[in-house]
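Okay, so here's the structure we're looking at.
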Amino acid sequence: MIACLGRIVHDSDAESKLDDDVSTIFNSLNLQGSIENGDVSGIASKDFGGLYSFKPLYLIRPSGAEDISRIVKAAAGTPHLTVAARGNGHSINGQAMADGGYVIDMRSTGENHFKLLTVNGSPCIDVSGGALWEDVLRRCVSRFGLAPRSWTDYLSLTVGGTLSNAGVSGQAFRYGPQTSNVTELEVVTGKGDITVCSETQNPELFFGALGGLGQFGIITRARVKLQPAPDMVRWIRVVYAEFEEFTRDAELLVSQKEDESFDYVEGFVFCNNDDPVNGWPSVQLNPDQEFNPAHLPQTAGPVLYCLELGFHYRNSDQPSTVDMVTFFFLTFDLTVNNRLRRILR
1 MIACLGRIVH DSDAESKLDD DVSTIFNSLN LQGSIENGDV SGIASKDFGG LYSFKPLYLI
61 RPSGAEDISR IVKAAAGTPH LTVAARGNGH SINGQAMADG GYVIDMRSTG ENHFKLLTVN
121 GSPCIDVSGG ALWEDVLRRC VSRFGLAPRS WTDYLSLTVG GTLSNAGVSG QAFRYGPQTS
181 NVTELEVVTG KGDITVCSET QNPELFFGAL GGLGQFGIIT RARVKLQPAP DMVRWIRVVY
241 AEFEEFTRDA ELLVSQKEDE SFDYVEGFVF CNNDDPVNGW PSVQLNPDQE FNPAHLPQTA
301 GPVLYCLELG FHYRNSDQPS TVDMVTFFFL TFDLTVNNRL RRILR
């Protein structure tokens, strides 16, 4: 070392400088939302996967697409500065983080859009990319008696987050993933342009953004297809010890005609032990009865398989009509709100 010139900076001085930097950037971007430095907020430096932890320079809570556009344009003109859109933080490999960059908290825009429309004779809802699916579903059911055709099996996720992936659940066998149930998007592109796209308007961006893992832009609004919500759901779980029987029944159920099968078909694997997260306690067979391993055959292996089924019906439907579809299974009925609570767990 030839020479070293240094200066001791007290913590209070460093914090003051950070606050000044935040204020300067906020004013230069002319944002309507809020901004805070990465040292203050720990939420932006972690995600659901827990594999990585990167501290951003700033966490920005935008007021809408215009704020997001300004942020992206500013970053595009600054070499090596990255921007990441963060929904509810359920990425698993650090995708919602920006090491030394800007993290945009999309949840601050969650209430921006909520408008019922009719498109080609069918109901749709305009919602924000930062809205949680659980909120979209509750509001649609309570206000309009309608529900999105395709959900995810966990609803505390943002609209933009799942549409940037696929959005797969037990309804995908009938309606396709959530990406197949959108008629229009508003996207902030990598250049910061706010662009409306659909199958006929800017189709390359539309199909690129849907399932594009955020590589084609940030989804700020989506127009989602709806259908009438049921009054009740007959909820069924069937446990298998043999994989071949499990897959045989699953394939049979998803191949039936719409009026001869279930509205929700999903399969999963769990451990054949008492682990509270991954074992028997995680699989309730009805609201008041825990899983009883004494009913398992002695040939059961270290993992078990479960089909979760749902049959939608209205209070006015005849019991015989409902029972005709489900009589092979041990079942019980839930209101739609109770069913939602189970999905949220």
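The sequence shown: position 163 = 163 (the UniProt record's numbering), numbered continuously.
No residue lacks a Cβ here, since even glycine has one placed at the ideal position from N, Cα and C.
From a predicted model like this one, the values you see are computed outputs, not experimental measurements.
Cut-off 6 Å between Cβ atoms - residues of its own chain near residue i, not counting five sequence neighbours on either side
| i | result |
| --- | --- |
| Lys55 | Gly38, Ser45 |
| Arg223 | Cys124, Asp126, Thr183, Glu184 |
| Leu31 | Asp67 |
| Val119 | Thr183 |
| Gly110 | Ser128, Gly130, Ala131 |
| Gly94 | Tyr52 |
| Gly170 | Tyr264, Val265, Glu266 |
| Val136 | Val127 |
Buried versus exposed call for residue i [16 or more other C-beta atoms within 10 Å across all chains shown]
| i | result |
| --- | --- |
| Asp105 | buried |
| Ala209 | buried |
| Arg86 | buried |
| Arg221 | buried |
| Val265 | buried |
| Glu251 | exposed |
| Glu186 | buried |
| Thr78 | exposed |
| Arg70 | buried |
| Arg143 | exposed |
| Ile92 | exposed |
| Ile236 | buried |
| Ile43 | exposed |
| Pro62 | buried |
| Leu59 | buried |
| Ser164 | buried |
| Gly192 | buried |
Residue i versus residue j: straight-line alpha-carbon distance, rounded
| i | j | result |
| --- | --- | --- |
| Trp151 | Val141 | 13 Å |
| Glu204 | Cys197 | 8 Å |
| Pro281 | Ala76 | 49 Å |
| Glu244 | Asn286 | 25 Å |
| Tyr102 | Ala74 | 10 Å |
| Thr158 | Ala84 | 14 Å |
| Leu253 | Trp133 | 26 Å |
| Thr162 | Ser34 | 25 Å |
| Gly64 | Leu51 | 30 Å |
| Gly301 | Ala241 | 7 Å |
| residue 355 | Ala172 | One cannot answer for residue 355 here, as it falls past the ends of the chain, which runs 1 to 345. |
| Asn315 | Arg234 | 12 Å |
| Gln289 | Val72 | 52 Å |
| Ile218 | Pro293 | 47 Å |
| Pro177 | Gly167 | 5 Å |
| Lys115 | Asn202 | 22 Å |
| Gly310 | Asp263 | 6 Å |
| Asp99 | Thr195 | 27 Å |
| Ser261 | Pro148 | 19 Å |
| Thr200 | Gly212 | 18 Å |
| Met232 | Pro276 | 29 Å |
| Thr299 | Ser255 | 29 Å |
Contacting residues, own chain, Cβ-Cβ under 8 Å from residue i (five flanking each side not counted)
| i | result |
| --- | --- |
| Asn278 | Phe270, Cys271 |
| Ser180 | Ser150 |
| Asp249 | Val238, Tyr240, Leu307 |
| Phe216 | Val187, Thr189, Gly190, Leu205, Gly208, Ala209 |
| Phe291 | Val239, Trp280, Pro281, Val283, Gln284, Leu285 |
| Phe48 | Gly89, His90, Ser91, Ile92 |
| Phe268 | Tyr305, Cys306, Glu308 |
| Leu117 | Pro123, Cys124, Ile125, Asp126, Arg223 |
| Glu258 | Arg174 |
Cβ neighbours of residue i in the same chain (closer than 7 Å, five flanking residues each side left out)
| i | result |
| --- | --- |
| Leu146 | Pro123, Cys140, Leu226, Gln227, Pro228, Ala229 |
| Asn112 | Gly64, Ser128 |
| Ser53 | Ser45, Lys46 |
| Ser156 | Asn88, Leu132, Glu134, Leu344 |
Helix, strand or coil at residue i [DSSP, three-state]
| i | result |
| --- | --- |
| Glu199 | coil |
| Gly310 | strand |
| residue 408 | Outside the displayed range of the chain (1 to 345) lies residue 408, so it cannot be described from this structure. |
| Ala222 | strand |
| Pro228 | strand |
| Thr299 | coil |
| Thr183 | strand |
| Leu51 | coil |
| Leu304 | strand |
Cβ of residue i within 8 Å of any chain E Cβ
| i | result |
| --- | --- |
| Arg61 | Any reference to chain E falls outside this structure, which holds one protein chain only. |
Open item on the list: In chain order, what are the residue ranges of uninterrupted beta strand (DSSP E) at least 3 long that sit wholly in the region 236-291?
Closed with: Here the runs fully enclosed are 264-271.
TODO: Could you pull out every unbroken beta strand (DSSP E) segment of at least 3 residues lying fully inside the region 59-117, listed in chain order?
DONE: Here the runs fully enclosed are 83-86, 102-105.
Open item on the list: I'd like the ranges of any beta strand (DSSP E) spanning at least 3 consecutive residues and lying wholly in the region 109-174.
Closed with: 114-119, 122-128, 146-148, all fully within the region 109-174.
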